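To start, the structure itself, in structure tokens.
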Amino acid sequence: MTPSTSTKTRPAAKRKSSAKKTAPTKGLAAVTTFIPAKAPATEKSKFSAPPALGPERPVAWPKRTVKTLANGLQVVLAESHTFPKISSHLYFRSGNAAVAHSHPGIAEITAKVIRTGTATRSSRQIEEDLRRMGADAGGSAGADTSVISINGLAEFSNGILELMGDLARNASFPEEQFERERRQKIEELRVERTTPGFLANERMRRVIFGDHPYAIIAPTEEQVAAYQRSELEHYYHHHYTPANAVLIIVGDFQSERILAQIEKVFGTWNAPTRELQINPAPPNPEGRHVHLVHMPGTVQTQVLVGNLSITRRNPDWYRVVLANSIYGGAFHSRLVMNIREQKGYTYSPRSGVNALRQHGYFTVHAAVRNEVAAATLTEIFYEMDRMRSLPVTPQELESARSYLTGVFSLGVATQDGVLGQLSTVYLDRLPENYLEKYRAKIHELTADDILIAARRHFDSANAQIVLVGDRDQIATQAALFGPVTEYNAHGNLT
Amino acid sequence: MTQSSKHLQIPVEHTTLKNGLRVVASPDRSAPFVTVGVYYQIGFRLEPRGRSGFAHLFEHMMFQGSENAGKMEHIRLINASGGLLNGTTNYDITNYFEAVPSNALERVLWLEADRMRALKVDDENLRNQRDVVKEEVRVNVMNQPYGGFPWLDLPPVAFRNWPNAHNFYGDFVDLDAATLADVQKFFRTYYAPNNAVLLMLGDLDPAEAFKLAKRYFEDIPVQPKPPRADVTEPRQTEERRGEVPENLGPLPALAIGYTAPPRTSPDWYAAAILDRALHGGRSGRVFRELVLEKQIALETDGSYDGFDTNGPTQMVTRIFHRPEYSADATIAAFDSVIRDVQEKGITADELDPVKVKFRADYYSMLEGGMGSYMPRFGLMHYLACFTLFDGDPTRINTVLDGFLAVTPKQAQEVARKYLVPRNRAIVARTPVPHATPETTGAAR
């Protein structure tokens, strides 16, 4: 549940910043003091310029073994031998969006209850089996995907696969575990209703997606209280099917050997798959509108700005991702430089393109002190409009291309990184060479491409604004940006 | 366990430069990336009195400009090389680290050397970062349900000596009081080559990497050895309790912390294994009893920073319990879990799988440890701690044996010796009652 995600025992100070020099000093700053150098001045020439980059070593994504079994289960294997572990994820191409209008949140609770019992293993047995194999299991569902994951020591890969198969095929949904998860979900919802980030996302999805299933990110307490165990079983039987699944395993194994084991465990799994419904794109909201979620007494305002955008399958994807990294998607981006490093309004501003499988959306968020909510919005739109009006500089373009391709490829260095990238490729049904081609696709982009992407996909005129904070502190500021609708923390109109 | 041959061996080479900077390299050519870290042996435990939060504020200042890389140059140069960077402030260390394509190794070393040599910041930078840090505290603590629980709540209750017991994120009045002169003094005192270790991991040749380290770092002048604050705690004689209001979240929560054995003592190994037997996921005894069996709690977890602390540290249990159970009833249920271990011990049948999981977690930590975007973060982190605290980075390859050798008898003895009321502190996060709840209909 939500509290456990804040287990952090120390502040990990994220840094974000941008490419420009500080604003010229004025007034008080005339007394500018510099920290004296420890080193003699003679060293200066030797070290005054950064060394050039050496020749680049190409990134080699691991070779994949891809096979579709007779029952339709797609298997993707990638070997990685540095650490004696394996990461295995069994994905299903359906999640909460598939049931958002009939049974909101059923996909998620189904994923959670699956690991609590099978026909032959009790909850306790499953947990002990996991520990014996040095393994962790997880079950979760997002809008488009449900997943069972088990990561553990490579020496136990057979046992890990057997347990995975058992969870995928024989989950028993024990009554008392279902009740426990239900109770926990209700408490988790109550915590979420006190979490500014959750409230902002909830409202934004409602506003942008309207009648589309993506509009609903969480059930209500009443809906959870009404869940039937049979509804979980129903979801499980209809969506946890081989033809709806992709099994991705990365780790320290021999592909041929593990493939034989996979055939043994999953080969006899047969279950019919029903076709998933694709819902048409919702209409783009027209005109800026402010949605104020009132949380009395908060010391900060959660600012979230967004508009409908595209998926990874859209030809503009690379353009918009690069534009985003210059706008607010990286530490050295313009927005971070502006509202963090120059103005000190916020700790962790960020923008991103959220590629859900059917439709994507673009968001900008910042948690700021109440007095500067309007000033923050002004800068968010200023930087957005600047991206739409003027080409980026050659230096920005070059930096952003290197940043994006470098960071994209960092995933190759860990099992989870490889697994994450492979899951994007196979779940979104991207071209098989997506990873290998990514770098070239980014490097061929020009300043014009970025201008095109910003004009098409940073919809400043029709952007929706969500503010989560204390009405008494921010209502006047909110009204500067368009008509305001107010909600309470339950998400209801006030 | 007799699986020593199965244990992963990490290649480690290390040297010390003339100015006292320790340098550690660990090659792994499997992917064309390097992870570089500079760890200074200064953390929030050792920050100056009257300047709570200063070590962390200072960490922000290290990104504000150095002699040859002005404000934002550092970040821009790393990002433009295709890499990521960050820094964190901890109890006894502050770290700065980058993951970059391996062709940027020299550039990263240049940047890290430049800011170790000469920080160059002004009042405007300080004002700016003070504002940023305040927003960081607001977003992570004040405006977040259970923010700072329990890492900010427990120390003031558990400890009596200021270095261990103050507000590590900083009181705003102390942050406001910080001056550029403080920044200057702190930099001179603690950010010296002889108070640091440089780590270079990944796609590199150690001999070449050492040569580069020498070129960029060796002539940074050595500084007088920084004073070591006295972090010892007066002997505790009774249980300590505190209460912190929870302004946002609706669930009552408890944090129970036991002060752990000193680093690398024989009990230290046993305490870590005992911690995993109690808190290791859903098969850990605390979760099993309180969440799955008795269903008093909705969530429990544990944390114990045994590796990366070098002073009084606690083994902490967090319990989010159902409101219909009182704090006392919840503590009683927790106590019966502890008593059971103390009286009946933990059998080898239970302890052996705990150790298998410990080994798996150790490998996972070395490989990632901070998400897949920062490869080998954990390896870097542990190498740094073994170097700074124990003077021996190669412990990365031997320390596991100590944990895997823990016997059921040792685990029981440690439970009896340390998991006792006079060695613990309990903090309750108690939800502040709010006005009548509004209607909860479906959100539209």
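Same order as they appear, the protein sequences are chains H and D. Per our numbering, the first sequence runs over residues 568 to 1061. Per our numbering, the second sequence runs over residues 8 to 451. Glycine residues also receive a C-beta, built at the ideal position from the N, C-alpha and C atoms. Just so it is clear, the structure is predicted and the values come from calculations on it, not from any experiment.
Residue pairing by DSSP places D/SER73 opposite D/ALA76, D/LEU126 in a beta bridge.
Within a 10 Å sphere around the beta-carbon of D/ASP356 sit fewer than 16 other beta-carbons, which makes this residue exposed. Distances from the CA of H/ASP778 to each of H/HIS806, H/PRO852, H/PHE833 were compared; the closest alpha carbon is that of H/PRO852.
Annotation for H/THR1043: the continuous alpha helix (DSSP H) segment containing it runs 1038-1046. Interface annotation, D/TYR370: in contact with chain H, CB-CB separation under 8 Å. Residues of chain H whose Cβ lies closer than 8 Å to the Cβ of D/TRP275 do not exist, since the nearest Cβ in that chain is about 17 Å away.
Burial check for D/VAL180: the Cβ neighbour count within 10 Å stays below 16, so the residue is exposed. Only ARG698, ARG699, MET700, GLY701, ALA702, ASP703 from the stretch 698-715 of chain H bring a Cβ to less than 8 Å from some Cβ of chain D. Minimum Cα-Cα distance from H/PRO617 among the listed residues D/ILE49, D/GLY60, D/GLY77 corresponds to D/GLY77. Under DSSP, D/GLU306 forms a beta bridge with D/PHE327.
H/LEU644 is not a Cβ neighbour of H/TRP836, given a cutoff of 8 Å. It is roughly 5 Å from the alpha-carbon of D/TYR98 to the alpha-carbon of D/PHE51.
Counting only the Cα atoms, D/ALA412 lies some 48 Å from H/GLU788. Secondary structure in the stretch 883-925 of chain H: the beta strand (DSSP E) runs of 3 residues or longer, each lying completely within the stretch, are 917-922 in chain order.
For H/ILE877, the CB contacts under 7 Å within the same chain, skipping 5 residues up- and downstream, are ASP883, TRP884, VAL887, GLY927, HIS1024 in chain order. Residues of the stretch 135-168 of chain D with a C-beta atom less than 8 Å from some C-beta of chain H are ASN135, GLN136, ARG137, ASP138, VAL139, VAL140, LYS141, GLU142, GLU143, ARG145, VAL146, ASN147, MET149, ASN150, GLN151, PRO152, TYR153, GLY154, PHE156, TRP158, listed in chain order. Here H/GLU946 has ASN905, ILE906 as same chain residues with Cβ atoms under 6 Å from its own Cβ, once five neighbours each way along the sequence are excluded.
Taking the Cα of H/LYS752 as reference, the smallest distance to any Cα among H/ALA678, H/SER716, H/HIS668 is reached at H/ALA678. Rounded to whole angstroms, the gap between the alpha carbons of H/ILE816 and H/VAL979 is 14 Å.
Taking H/VAL633 as the centre and dropping the five residues before and after it, the same chain places the C-beta of VAL643 closer than 6 Å to its C-beta, in chain order. Within the model, the alpha-carbon separation for D/LYS127 versus D/PHE194 is close to 11 Å. In this structure, DSSP gives H/GLU1011 a state outside helix and strand, which the three-state scheme calls coil. From the beta-carbon of H/ARG624, the residues of chain D found nearer than 8 Å are PRO39, PRO108, SER109, ASN110, ASP210. By the rule that beta-carbons nearer than 8 Å mark a contact, D/ILE82 touches chain H.
Rounded to the nearest whole angstrom, the C-alpha separation of D/LYS362 and H/GLU729 is 22 Å. Secondary structure within the stretch 134-173 of chain D: the alpha helix (DSSP H) runs of 4 or more consecutive residues, fully enclosed, are 161-165, 169-172 (chain order). Interface with chain H (8 Å Cβ-Cβ cutoff): D/PRO440 is excluded. When beta bridges are read from the DSSP output, H/ASN718 appears opposite H/SER654, H/ASP703. Listed by position along chain D, the residues whose Cβ is nearer than 8 Å to that of H/THR972 are GLY89. Taking a 10 Å sphere around the C-beta of D/PRO231, we find fewer than 16 other C-beta atoms and assign the residue as exposed. Under the criterion of beta carbons closer than 8 Å, D/ALA111 and D/GLY90 qualify as touching, at roughly 6 Å. Closest in alpha carbon position to H/GLN744, among D/ASN147, D/TYR103, D/GLN302, D/TYR380, is D/GLN302.
Taking all protein chains shown into account, D/LYS25 has fewer than 16 neighbouring C-beta atoms within 10 Å of its C-beta and is therefore exposed. According to the DSSP assignment, H/HIS856 belongs to the beta strand (DSSP E) that extends over 856-861.
Note that the C-beta distance between D/ALA435 and D/MET207 is not below 8 Å.
Counted as a single uninterrupted DSSP element, the beta strand (DSSP E) harbouring D/PRO34 occupies residues 29-34.
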